[in-house]
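Below you'll find the structure, written out as structure tokens, and then a few comments.
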Amino acid sequence: MAENTVEKTSNLELNWARIEKKWRKKWTENRIFESDIEPHKKKYFLTVAYPYPNSPQHVGHGRTYTLADVHARYKRMQNYNVLFPMGFHYTGTPIVSMSQRIKSNDIELIETFQQIYKIPSKIISSFKEPKKIARFFHEEIKQGMNEMGYSIDWRREFTTIDKGYSKFISWQFRNLRMKGLIVQGSHPVGWCPRDQNPVSQHDTIGDIEPELIEYVLVKFKFEEQYIIPTATLRPETIFGVTNLWINPDIKYVIALVNNEKWITTRDAAKKLEFLNFSVSIISEINGSELIGKSVLDQFRKESVPIFPASFVDPNNGTGIVMSVPAHSPYDYQALDDLSKNPDTLRKYDLMVDIVPKKIIHTDLFPSNDTSPAESIVTRYSIRDQNDPKLEEATNKLYSEEFHNGVLLPDIDLVGNQSVLKARETIRDKIIKQEIGTTMYELKNAVKCRCGASCVVKLLTNQWFINYGDENWKKLAYELIDNMEILPEEIRQEFTNVIDWLKERACARKIGLGTKLPWDNEWIIESLADSVIYMAYYPLSKYINNNIDPQKSENKILADDLNDSFFDYVLLGKNDAEAVAKDSKISLRLLEKIRNEFLYFYPVDSRHSGRDLVPNHLAFFIFNHAAIFGKDKWPKQIVVNGSVLTQGKKMSKSLGNIIPLRRAIGEYGADSIRLAMLASAEILQDSDFSFDQVKAIRSKLFEIYRTISSHKNIFTTIQNSLDHNELEDAWISSRIQRLILETTTAIEKFRIREALHSILYLMDNDLQWYQKRKLAKNKPVHNNSLKDFFEVRIKLLSPFAPFFCEEIWGIMGNHSFISLSQWPEVNNSKISLKSEDNERLIQDTILDIQKITKVTKIIPKKIMIYTASEVKSKLYKKLLDKIHIQSVTNFGVIMKEFVNDNDVKDLVKRNPDLVKKMIDDILSESLEVRERRMNIDSFNELIPLQDSISLLISETGNDQLKVGIYSEDNNDKYDPKQKSEFARPYKPAIYIE
Ligand SMILES: [Zn+2]
């Protein structure tokens, strides 16, 4: 894995490293990616989630940034004034916990840094100080971004612990609080018991967002003095409870819980403590001791027995569950299993004569004799309670009842109510009567970065952002309804998140970041201080003193900034002169900053990985809706999947981490960029492999070689007479199509498709064109080819910028391709006829090859017969029927055509031909059908005549005789009467 692999690898004469270095230098020297206000140019403001500098970049990190850079470069070529800035997110626990791991001498981490990332030991030991880590990886990541060729305006760079940024975040928070969106109170949060800190996605191993579920605990009474609580998500099914399930093989505890004696698992007792129940454990009790006993259902005042079941999970709820066999497949199956198990029945002296009690009706399970659970268990052929299909059956039934279920009319209180409504009614009733309460639990097992298992904690006096606020939600919906989301299929995910988001803890006791402005004990957490920071980029250039700091009128000190400054610049509030005075800056400078914000805002596109949909991106939407006017709401979100290697996520434990900068060093940035983007459509996970990188690098080299070998066409004037043949019109048309298709694909971020066209389909076209020219003995070297190369390199340049700059130079340009114009479609060059011409030639050659392969004839004569005029007429009519009128039924078509004077003779004589022609048309793409609809008349003889030279060169027989006749031609040579088989676009062929 030496640095100089490039030169050693086969067929590669390009020195990628040198090319990249050269262009990086030129871009920087000419400041081509720095954007300022250009009043007469449309702006495009594009941002991507800034990185956490807590570890080096690996290839997995690169996809989102590369996509954003492609987008930026594409828009720049479309003549937008593109602003693509970058910051660094220091806030929160990731950096602090990394430094703690270094302090505690975490061997695994230190080895990763040393062996995979080659960081010197001396530097690693400095990482005990959190800011040193951040600083080091900040520079490392920035360097990587530059090496990748990202077209970033670095003058606007900041970190989230910069003074000016903190002032901005304080402003954001005071603003939210004034609007009543920050509340203090008790709410459940994901929690690390070791750090005593709330956790969210950024604090957990594997970046898992802790998801909370809320159970209703129904308290069953046992022997007067005890409570047996069961956790359920479906309290309305209390009406169908026939028994409780307990796991005979586990130990439970008797605990004093808020002055009642509860029987639960030890785990559950612990969970209840975090939820602020007062809990003290009195003694232990075996599950088996409770089996066969009865409990009192306090809601219905009915007694139900306790039965044993192995499916009861001690980690779930309280480890005891209520059994609703009519509506829960698990319960139904467990009862069935139990009744067939004489040993267990004898052991616990049980009688199982339970009749499931149906309480919910859905149209899918209408029977009154069989319960829905029984029906679905039968339908799925479930064997026993350990059958894995039981889970699927359960999901199916629960979902059906949740969406379409109605309580039966004779049920108390909630008869005829929807399941949704009844659930709420019963829940409230149970809680009000104090025969139940609520309990929170994590839906997924989540570990804190410190290694501790997370729990749900009911926090009191904690600061929350109230995403549950109904009016705020409405605004968020309005924002998202007016926003483009790419790919569109992920919109529902956003709507769901907005739907379920509630209060969210927004401050922590530890970590880097900005203090809560009104309560200095708290630090604003990382998913709260990173949601409107895009608005800081237009300002940061000034606050960084990156514009002529020598000029005193441009001086600005972060210390002097206050809310009135941000109110003015970002919201247009307050009197400018007073604000300028207050912030100790000149009025001119203040106006400049305000104008820059007005010019660049709103965000035109926000790029991010899919994992940030449920948190960062949703908060980005909410906070913009709360703070900014509608004209400043972001316009687009682009979401992409992650990068895998050999189907797996990159991780230390799998040993498959590929450091980004090393990959660039070995293979060059452009090949890495293309490999990241070409292997999957945007929402899919892409599988990154060096085999693909190598294949792409060879492809680029091939393009380089082809263009270099035609170098002089770019500098000499070509004779236009050399390119007015059929294939020239065709290649011109193809170029326009490729521009159109690629541009459309990029607009919708179908990047894989775009790259497929540029890298591969264009080659097919080029080869065909060359073949045609060669067969005619005409020069390939002409203006068509020049156009083709220019377009190809331009289309490729956002994806492979270094390579394309280099080629652009070879083509004799002295400008940057990065700043050149994106190719525009010239409609006058699109020729439908040309496309059909070449297609006909290609198809005919293929047909001939098929015939010679099957018959093993070495052709001396090839006769080609095109369809008669009346068949062409029929074809047109059929096309109209099928493509315009959507009639494809043979009988219907025949009925009409036997009365059509134009074609009736043919149709009556040869109905089979009609059938075949219908099939011909149906097997063509809609695009081709549309094209043929729009061609007035198509004379197949012309392209076929034109292809004779090619036919000869393809067969390799110089003496080959080729005859091309219309079926209508009476002088044709047709010894075997083949011509009558000719159909439009399907000429008949005779070979001897
Ligand atoms: Zn922790």
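Positions 9 to 1000 (my numbering) are the ones given, in order, by the sequence shown. Here a beta-carbon is modelled for each residue, glycine too, at the ideal position from N, C-alpha and C.
Per DSSP, Val7 is paired with what?
-> The question about residue 7 has no answer, for the chain in this structure spans 9 to 1000.
Based on the DSSP output, what are the partners of Gln470 in its beta bridges?
-> Gly193
Assigned secondary structure, Thr386 (DSSP; H/G/I helix, E/B strand, else coil) = helix
Minimum Cβ-Cβ distance from Ser594 to chain D less than 8 Å = No chain D is present in this structure, which holds just one protein chain.
Any heavy atom of ligand 1 within a distance shorter than 7 Å of the CB on Ala453?
-> no
What do you reckon, is the C-beta of Asp215 under 7 Å from a heavy atom of ligand 1?
-> no
Where the alpha helix (DSSP H) through Met186 begins and ends = Lys171 to Met186
Given 8 Å, three or more beta-carbon pairs between the region 665 to 675 and the region 691 to 707 | yes
Three CB pairs or more closer than 8 Å across the region 285 to 296 and the region 253 to 260 = yes
Under a three-way DSSP split, which group does Ala142 fall into?
-> helix
Please report how far the alpha carbon of Asn403 lies from the alpha carbon of Ile666, in whole angstroms.
-> 39 Å
Compare the C-alpha of Gly95 against each of Gly70, Val56 and Arg431 and name the closest.
-> Val56
Taking the continuous beta strand (DSSP E) assigned at Ile956, which residues delimit it?
-> Counting along the chain, Ile956 falls outside any beta strand (DSSP E), though it belongs to the alpha helix (DSSP H) covering Ile956 to Thr963.
With 16 other Cβ atoms within 10 Å as the buried cut-off, status of Tyr998 = buried
Burial state of Asn424 (16 or more Cβ within 10 Å) | exposed
How big is the Cα-Cα spacing for Phe121 and Leu535?
-> 27 Å
Less than 7 Å between the CB of Arg457 and some heavy atom of ligand 1, yes or no?
-> yes
Environment of Phe630 [buried if 16+ CB atoms lie within 10 Å] | buried
What is the residue span of the alpha helix (DSSP H) that Ala655 lies within?
-> In the sequence under discussion, the amino acid at residue 655 is Gly, which differs from the Ala named in the question. No alpha helix (DSSP H) contains Gly655, which DSSP labels as neither H nor E.
Consider the C-beta atom of Asp361 and the heavy atoms of ligand 1; say whether any pair is separated by less than 7 Å.
-> no
Sequence-distant residues of the same chain with beta carbon closer than 8 Å to Lys980, five excluded per side | Met871, Tyr873, Gly971, Tyr973, Ser974 and Ser987
In terms of DSSP beta bridges, what is Leu91 paired with?
-> Phe53
Would you tell me roughly how many angstroms separate the C-alpha atoms of Tyr173 and Ser823, rounded to the nearest one?
-> 37 Å
Flag Asp203 as yes when its Cβ comes closer than 7 Å to any non-hydrogen atom of ligand 1, and as no otherwise.
-> yes
Beta carbon of Ala588: closer than 7 Å to some heavy atom of ligand 1?
-> no
From the DSSP output, which residues share a beta bridge with Asp2?
-> The structure shown has nothing for residue 2, since the chain only spans 9 to 1000.
Using DSSP bridges, identify the partner residues of Met871.
-> Gly971 and Tyr998
Confirm the yes/no value for this check: CB of Ala401, any heavy atom of ligand 1, distance under 7 Å.
-> no
Can you tell me where the alpha helix (DSSP H) with Leu579 in it begins and where it stops?
-> Asp571 to Leu579
Who are Glu292's beta bridge partners in DSSP?
-> Val261
Endpoints, the beta strand (DSSP E) within which Leu428 is located = Leu428 -> not in any beta strand (DSSP E); alpha helix (DSSP H) instead, spanning Val427 to Lys440.
Tell me whether Cys200 counts as near ligand 1, meaning its Cβ is closer than 7 Å to at least one heavy atom of that ligand.
-> yes
Where Trp253 falls: helix, strand or coil (DSSP) = strand
What separation, rounded to the nearest whole angstrom, lies between the Cα atoms of Arg26 and Ile124?
-> 25 Å
Under a three-way DSSP split, which group does Pro992 fall into?
-> coil
When the Cβ atoms of the region 198 to 211 are set against those of the region 584 to 599, are three or more pairs found closer than 8 Å?
-> no
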